[in-house]
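The block underneath contains the structure these notes are about, expressed in structure tokens.
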């Protein structure tokens, strides 16, 4: 299957992003080059990494080894929680480019808002990212794990609207408040933990739909995200699963089936990761 079969989502800065990518969260640095190379072989062209993952260098090695033209790739990385002060943010961005072996990234995100850190100031951090976008080294900038009030504050105070908001979304946490606040501002939604770290895979609704379509429950879940218009980047180091995650464009759920899956939402009880309003982790 060619990567051109992956639909794209238009971003508010005039660029577009492949709706399906490959995530490298929790991929060990020493395994990253091999994992990303496998993804490239399958057909992925969108890679999602972060400074805190510690594996940007492996992503860069895979990019270099691939021989794929730079304009065929979409590369995202994210700001380390310890580098929110504007000068630190810019220095760390320079390091990311060096580690990735790139002159530009397609998307650079504030990884977490950290509202209880830095005297509650994530606005100056956002302004620093806007500077990186204005000098062209970040083609697009966005945020991750931003709640509706966080989005309102940065857009009201800077006038700069993020291109994306990367948030936890899956059938057990549809996160509609954050999704709606993003979409209302013209911000594309990226869904991390798209299968709830596997928690949804035995759900009877998903099992039933998987049997109907001859797919795995993971494929049905990823297709649900696609039907809703969100951007996803499932992670796996198992080649067969990397390939299966790519094979979600040869079937479609009905609108009623999408609604059934959405109805599995458990609200905050379904969250697998930290709550962005209280998360304050800074790596040592």
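Numbering (this note's numbering), first residue to last: 1400 to 1683.
No residue lacks a Cβ here, since even glycine has one placed at the ideal position from N, Cα and C.
Fair warning: this is a prediction, and the values are worked out from it, not measured in the lab.
Closest residue to residue i among the options (Cα-Cα distance)
{"i": "residue 1671", "options": "1567, 1579, 1648, 1464", "result": "1567"}
{"i": "residue 1557", "options": "1591, 1582, 1520", "result": "1520"}
{"i": "residue 1681", "options": "1451, 1488, 1437, 1427", "result": "1451"}
{"i": "residue 1529", "options": "1502, 1561, 1549, 1545", "result": "1561"}
{"i": "residue 1586", "options": "1544, 1490, 1636, 1606", "result": "1544"}
{"i": "residue 1577", "options": "1496, 1542, 1606, 1537", "result": "1542"}
{"i": "residue 1547", "options": "1525, 1583, 1465, 1537", "result": "1583"}
{"i": "residue 1637", "options": "1517, 1623, 1524, 1434", "result": "1434"}
{"i": "residue 1420", "options": "1437, 1411, 1412, 1430", "result": "1437"}
{"i": "residue 1445", "options": "1678, 1486, 1430, 1506", "result": "1506"}
{"i": "residue 1689", "options": "1478, 1593, 1614", "result": "Outside the shown range of the chain (1400 to 1683) lies residue 1689, about which nothing can therefore be said."}
{"i": "residue 1692", "options": "1509, 1447, 1653", "result": "In the structure as shown, the chain starts at 1400 and stops at 1683, and residue 1692 therefore has no counterpart that could be examined."}
{"i": "residue 1504", "options": "1513, 1532, 1524", "result": "1532"}
Sequence-distant residues of its chain with Cβ nearer than 7 Å to residue i (five each side left out)
{"i": "residue 1498", "result": "1455, 1456, 1459"}
{"i": "residue 1598", "result": "1571, 1671"}
{"i": "residue 1482", "result": "1488, 1491"}
{"i": "residue 1581", "result": "1550, 1564, 1588"}
Cβ-Cβ separation, residue j to residue i (assumed contact under 8 Å), whole Å
{"i": "residue 1474", "j": "residue 1501", "result": "7 Å"}
{"i": "residue 1418", "j": "residue 1634", "result": "Between residue 1634 and residue 1418 the Cβ distance is about 16 Å, and since that is not below 8 Å, they are no contact."}
{"i": "residue 1593", "j": "residue 1569", "result": "6 Å"}
{"i": "residue 1632", "j": "residue 1422", "result": "4 Å"}
Residue(s) in a DSSP beta bridge with residue i
{"i": "residue 1478", "result": "1509"}
{"i": "residue 1591", "result": "1567"}
{"i": "residue 1683", "result": "In DSSP, residue 1683 forms no bridge with anything."}
{"i": "residue 1675", "result": "Beta-bridge pairing links residue 1675 to no other residue."}
{"i": "residue 1415", "result": "1409"}
{"i": "residue 1447", "result": "1422, 1475"}
Neighbourhood of residue i by C-beta, 8 Å cutoff - its chain only, sequence neighbours within 5 removed
{"i": "residue 1601", "result": "1616"}
Min CB distance residue i to chain D below 8 Å
{"i": "residue 1452", "result": "The structure shown contains no chain D, having only a single protein chain."}
**Study point:** Complete runs of the beta strand (DSSP E) confined to the region 1509–1538 [at least 3 residues]
**Key:** Taking only runs of at least 3 residues, no beta strand (DSSP E) segment lies wholly in the region 1509–1538.
Exercise for review: Could you pull out every unbroken alpha helix (DSSP H) segment of at least 4 residues lying fully inside the region 1592–1661, listed in chain order?
Suggested key: Assignment of alpha helix (DSSP H) within the region 1592–1661, counting only whole runs of 4 or more residues, yields 1603–1612, 1616–1627, 1638–1645, 1654–1661 in chain order.
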